[in-house]
Amino acid sequence: MTPPALFLYGHTSTGKSLVLGSILKSSQVLHVIVNCVECYSQRFLFEHVLNAIRADGAAILDTSTLIKCDNMSDFVRLLQQEVVAKKLDMQTVYIVLDKAERLRDMEQNILPAFLRLQELTGLNLCTILVSEIVWEKYRFGTGFLEPLVIQFPDYSKDELVEIICHDRPEDYPEGFYNMYVNLVLNIFYYACRNLKELRHLVTLNFKTYVQPINSGEATMGDTKKLWKHIEPHLKKALCTLYLREVSSSQWERYQQEIETADNVGLQGLTHRSHVELPYYSKYLLIAAYLASYNPAKSDRKFFAKNSGKVNKKVQLNQAKKKDRTSNHMLGPKPFPLDRLLAIFYSIVEGRVAPTANIFMQITSLVSLHFLGHATGEDQIEQPKYKCLVSLDFIKAVSRTVNFEVTRYLYDFA
Amino acid sequence: MNTAGSVSKGCFAFKGKKKQANVDEYLPESKNIAVKKCHQRFNQMWEEVYTQVQILQSDFNSNIFDELLKFAENSHTGFSLEGRDTKKLLVEIPAVALVTGVNTPDHSTMFANLVSMLRERVTPLVTILKSKDCQNVKSILSRTLTQLMDSHCVADFDDEDEDGTAVNTVNTKSLPLTLSSLAKWYRNKFLDQPSSPKKRKSVDGKCFEHKALPPVVIVMEDFENFLPKVVQDFLLISSNYISHLPLVFIFGIATSVSAIHRLLPNEVSSLLCMEKFQAPPSTEYLTLVINQILMTARYPFKLGRGVFQLLLDIFLYYDFSVLNFIQALRFTMLEHYSSQPLSYLCCNYDDVQDAVKQTDADSLERLRQLPSFMRYVEGCSTKEQPDLLLNEKFTKERVVRLIEDINEYHTNFFPILSCLHVLVGKLPGYPLGKQLREVYSLCLDVNLQENEDFKHARDLLRMLSKDEWKNLLVQCIEKHQNESQLKDVMTELEKFVNRIDHIDEVVEEEEESEQPANDDALPYRTSLHQLRQKLQDMSKKQKKLSPYEKLRDEIVGFYDDLFAKHLVCPTKLPLHEIFYYNSTRHLKQRLNASPRSSLQMALSNPHYYLQCQCCSLEKSALSGTMPDTCIVYKLHLECGQLINLYDWMQAFLTVVQPEEEVDVKEPNYKMQARFIQAVSQLQFLGFVKPTKRKTDHVARLTWGGC
Chain F
1 MTPPALFLYG HTSTGKSLVL GSILKSSQVL HVIVNCVECY SQRFLFEHVL NAIRADGAAI
61 LDTSTLIKCD NMSDFVRLLQ QEVVAKKLDM QTVYIVLDKA ERLRDMEQNI LPAFLRLQEL
121 TGLNLCTILV SEIVWEKYRF GTGFLEPLVI QFPDYSKDEL VEIICHDRPE DYPEGFYNMY
181 VNLVLNIFYY ACRNLKELRH LVTLNFKTYV QPINSGEATM GDTKKLWKHI EPHLKKALCT
241 LYLREVSSSQ WERYQQEIET ADNVGLQGLT HRSHVELPYY SKYLLIAAYL ASYNPAKSDR
301 KFFAKNSGKV NKKVQLNQAK KKDRTSNHML GPKPFPLDRL LAIFYSIVEG RVAPTANIFM
361 QITSLVSLHF LGHATGEDQI EQPKYKCLVS LDFIKAVSRT VNFEVTRYLY DFA
Chain L
1001 MNTAGSVSKG CFAFKGKKKQ ANVDEYLPES KNIAVKKCHQ RFNQMWEEVY TQVQILQSDF
1061 NSNIFDELLK FAENSHTGFS LEGRDTKKLL VEIPAVALVT GVNTPDHSTM FANLVSMLRE
1121 RVTPLVTILK SKDCQNVKSI LSRTLTQLMD SHCVADFDDE DEDGTAVNTV NTKSLPLTLS
1181 SLAKWYRNKF LDQPSSPKKR KSVDGKCFEH KALPPVVIVM EDFENFLPKV VQDFLLISSN
1241 YISHLPLVFI FGIATSVSAI HRLLPNEVSS LLCMEKFQAP PSTEYLTLVI NQILMTARYP
1301 FKLGRGVFQL LLDIFLYYDF SVLNFIQALR FTMLEHYSSQ PLSYLCCNYD DVQDAVKQTD
1361 ADSLERLRQL PSFMRYVEGC STKEQPDLLL NEKFTKERVV RLIEDINEYH TNFFPILSCL
1421 HVLVGKLPGY PLGKQLREVY SLCLDVNLQE NEDFKHARDL LRMLSKDEWK NLLVQCIEKH
1481 QNESQLKDVM TELEKFVNRI DHIDEVVEEE EESEQPANDD ALPYRTSLHQ LRQKLQDMSK
1541 KQKKLSPYEK LRDEIVGFYD DLFAKHLVCP TKLPLHEIFY YNSTRHLKQR LNASPRSSLQ
1601 MALSNPHYYL QCQCCSLEKS ALSGTMPDTC IVYKLHLECG QLINLYDWMQ AFLTVVQPEE
1661 EVDVKEPNYK MQARFIQAVS QLQFLGFVKP TKRKTDHVAR LTWGGC
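One line per chain: the protein sequences are F and L, in this order.
This note's numbering applies: residue 1 is where the first sequence begins, and numbers increase by one.
This note's numbering applies: residue 1001 is where the second sequence begins, and numbers increase by one.
Next comes the structure, spelled out in structure tokens:
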């Protein structure tokens, strides 16, 4: 008898699905693979398994023969029927649940029931869970059957090199490519051990690496020269690691641009977060930032007309301020709409009528996720907001309107 | 089958006839022929403007769209349903990050254009998703599936037999909502068909070939607003099917690419192979619209200074939305044609003759009373004046001539204006502004010669070097090479360029001849004051002008004359009221409404809206004749953060009831009801709200008192 449940876990790209898939395929046993991300309802999960067993892998488009099933007991019953009808009771049927951690978010009974499916149906079944987190994190609720746990360890550096070397383009010798992969790994290994990401980087930068060879400046033996050539590129790539904002073809275009005119390509990468806003939106955003990061008590100090006289209390406060935590460490605080508008009117230049357009701007800032709605009891009478942009962003915005934002910030003033 | 005749006792909803606004009901004196004529003219003119706008729009984004389409087309070149490439394990989903800018109102048109272009040129399988329809994975899948399967059935209706489409539509209804069913559908659809590429005729007659396996394009219009969880799951699911379905994603991003990373963790974003496209900023589009529609002689309708500035301000200060700008322009036109009874004369140049001919006596009288026309009559000779005021035929001829003059003025105005812009656009400090529209707005206001900034700019122009001047002149000439009416101006400019080139060869001979004239100027005896004056004059004269400086003065003088002749302020022209709309206040109230201040106005000064006799008081005064809400509002202004309801009601009663009738012991229920109603109205308007901090109190939501 096969064990009723298996649990495979390991980090991303450690070969779980690949190993499992090829074993199941090569041993030619009946199996169903379900990606749990797809199961937005339990019904989908049940029907997928049942229909896959009935169809045995072939595509069904005839909707009349599809099995309908929306609860666990039906599923157990129908599963028995199907397996018996197909005369599969002699061999083991494997149900593979990929991304099994999603099962925890579904109805309480699903995970225990799948673990005990062999017991419930009395069939020769095996449930295989594939996940990225450890089994201990699954233990809540009752009725679990402990599965057989198999861990997939991370690849070591040498293993990584060996795997990546399989991507070698055919016209380059193995030793040469091996060296190149080692170079890239030396730079990136401390920041990233994800095989997928590393493979992406290796293929991305290979063209730059061999460029001197293609142009005839160096031969394959000129390791030092090639290293000199590739090093700055890799350092730059380290800054945008994981971002994937550009495809490989666009990356190459950027590289070319950098070679022709040094600034153009760099601008494309460094000015990633630059956004052009309408004039009053800028001030609204600045006002929101100030309201979020200044305590409401300090508004009088920054914005009142007669802020000249400083009474003792304030001075005391300022003395105390040093031991208090910076507001920027604590994150943005919610503020009411009134306060936002009051600050807005005191910092904006010229007289601005409180028109419908101004209020519309606030809403559109929310929809752009520069501001966030803070949840409160009354959303209509006294809506509260939070400013969601960073200090650097607000500094850049205020520079465009010649407003010194740091002078008005409690943490810096 | 007629469902209404069914025997079951169901409730049937019928789509009512769509009510269309009837123009006659809205126009005040629709019987009046002039009003009708104005309306027709408006429709005609707007039609012309609008077609131009649409042309501009499709041209504007064409560059970026072309690249994008190419990307979508080529992203799945090696795709096939048969042999799955086992070697290419690492498959990423091609995705486009289209950075569109923050002008969100414009985006729907932009994306509609994009989608229709995609359908036409790349693939029939395009779906567009909006965040408001996709709150969970199920809805996002159902949206995608229905749009893809249905649209394709509909699109192919003409080249497939009816049976085929019927089967397809039936299938889509009952299929489980997963991408796997889409993949199967796709396989059935495109694998069984003969592999010859399908030909599809687009509207403009071009033939685009769809590939045998067209990519499936999924456009997400407002990417920032999607729920992170939903997008993540959707992308994870999609990546499982990438070997069965040639998917391409297009993310519309309003802010910056970093929004993607806010939504997607590395686990998901590493599945994508992204390419970034930056749409040109909307300010450029606006400049295009203004240049092509407002600053051209083609469309007779023009905006006055204030209105032009207002529309620009709304754009630059509030929303960056060109769509709103165009709507505002449309509104302005409508306002102009409906408020100015003579505006039917504001038409294309070819129709002027007819329009004037049809003018009846009433309109003609109205025309004679236009301030600008009266001014013109006063300027005419005494012999003409009676004819202009009394003789119908004579006046009509003269009106035609005046309108022709205005038309000619416009045709000359804009080229010369751009000359001026070339000259002043790069001066230090930008005395007249950087943009062409700023210079234009200046010219609309006053005559250029009276403007201080222009004088300053002229002084600056007098200090430019030889090379700079030559550059400016060449630019002017290049800009207007093909304007026939300015030929003599251009030849003049070319002469100047020529002279600048040969300035070094000019011999300085004239100066000696001038020199002796100065000597005898000092008389023998003068007062101290006179002497000083004289000496000052002489020192000025003695500054020798080099030939280049002379030439420069000559050029500046030439330009000065040119501007004085052509860049006349339009408000100085006779009959300008017909072409220029200038009622800023009116427009501001409608386009840039301020609900808060009008609410406060209504509450503190009800006379302003009610126009009744009783309430015309000072602003802060109270009287019992005002509406209850106003009284309650004014009383609440005197309170602090929390208001005691009982005190408030007592104050209310003293205002409303004359003193002798007040009977404290017996509560007046009617008065209480009135008071409570007024308070709840204030609550509805957002001035107070109930509070739990203190019993029988309400909290104020506004600051300040009267």
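Backbone N, C-alpha and C define an ideal beta-carbon position, used for all residues, glycine too.
These numbers come from a predicted model, not from an experiment.
Which partner residues of residue i appear in the DSSP bridge assignment?
| i | result |
| --- | --- |
| Y9(F) | S131(F) and Q151(F) |
| P1690(L) | V1698(L) |
| G1252(L) | L1098(L) |
| T1127(L) | I1218(L) |
| N35(F) | D98(F) |
| K1302(L) | Y1580(L) |
Could you give the DSSP three-state label for residue i: helix, strand or coil?
| i | result |
| --- | --- |
| M1110(L) | helix |
| N1752(L) | What is shown of chain L runs 1001 to 1706, which leaves residue 1752(L) out entirely. |
| Q1052(L) | helix |
| Y283(F) | helix |
| H1336(L) | helix |
| Q1657(L) | coil |
| C387(F) | strand |
| D98(F) | strand |
| A374(F) | strand |
| P1428(L) | coil |
| K1276(L) | strand |
| F1014(L) | coil |
| P336(F) | strand |
| I1643(L) | strand |
| L1622(L) | coil |
| C1346(L) | coil |
| I1093(L) | strand |
Tell me, to the nearest whole angstrom, how far the beta carbon of residue i is from that of residue j; I am working on the premise that it is less than 8 Å.
| i | j | result |
| --- | --- | --- |
| N194(F) | S13(F) | 6 Å |
| V1656(L) | M1671(L) | 7 Å |
| V1307(L) | Y1581(L) | 6 Å |
| I343(F) | D392(F) | Not really, about 21 Å apart at Cβ, beyond 8 Å. |
| Y289(F) | V389(F) | 7 Å |
| S1270(L) | I1093(L) | Their Cβ separation, rounded to whole angstroms, is 11 Å, which puts S1270(L) and I1093(L) out of contact at 8 Å. |
| A1095(L) | F1251(L) | 6 Å |
| H1458(L) | D1560(L) | Looking at the sequence provided, one finds Arg at residue 1458(L) rather than His. That pair is a contact at about 7 Å. |
| S1131(L) | N1225(L) | 4 Å |
Go through its chain and collect everything with a Cβ distance to residue i's Cβ below 6 Å, but skip five positions before and after it.
| i | result |
| --- | --- |
| E1483(L) | P1415 |
| V1122(L) | L1069, A1072 and E1073 |
| H274(F) | none |
| N124(F) | T92 |
| C1630(L) | L1603 and P1606 |
Can you find the residues in the same chain that come closer than 8 Å, C-beta to C-beta, to residue i, ignoring five residues on each side of it along the sequence?
| i | result |
| --- | --- |
| P3(F) | C126, P147 and L148 |
| D1163(L) | Low confidence applies here, because D1163(L) scores a pLDDT of 39, under 50, leaving its location unreliable; read the following figure in that light. Excluding positions up to five away in sequence, the list is empty. |
| I1503(L) | K1466, P1547, Y1548 and L1551 |
Say the cut is 6 Å; is the CB of residue i nearer than that to a heavy atom of the ligand SAM?
| i | result |
| --- | --- |
| Y385(F) | This structure lacks the ligand SAM; in fact it carries no ligand of any kind. |
Keeping to the same chain, check which residues put their C-beta closer than 7 Å to that of residue i; ignore five residues upstream and five downstream.
| i | result |
| --- | --- |
| L145(F) | P4, A5, L115 and R116 |
| G181(F) | The displayed chain sequence assigns Val, not Gly, to residue 181(F). Around V181(F): V161, I164, C165 and V202. |
| L1718(L) | Shown here, chain L extends from 1001 to 1706; a query on residue 1718(L) therefore has no answer. |
| S1418(L) | L1436 and K1479 |
| G1304(L) | L1444, Y1580, Y1581 and N1582 |
| L340(F) | A287, A288, A291 and Y385 |
| Q1052(L) | Q1292 and I1293 |
Pick out the complete alpha helix (DSSP H) segments inside the segment 1379-1463 of chain L, 4 residues or longer, and give them in chain order. 1384-1390, 1392-1424, 1436-1445 and 1452-1461
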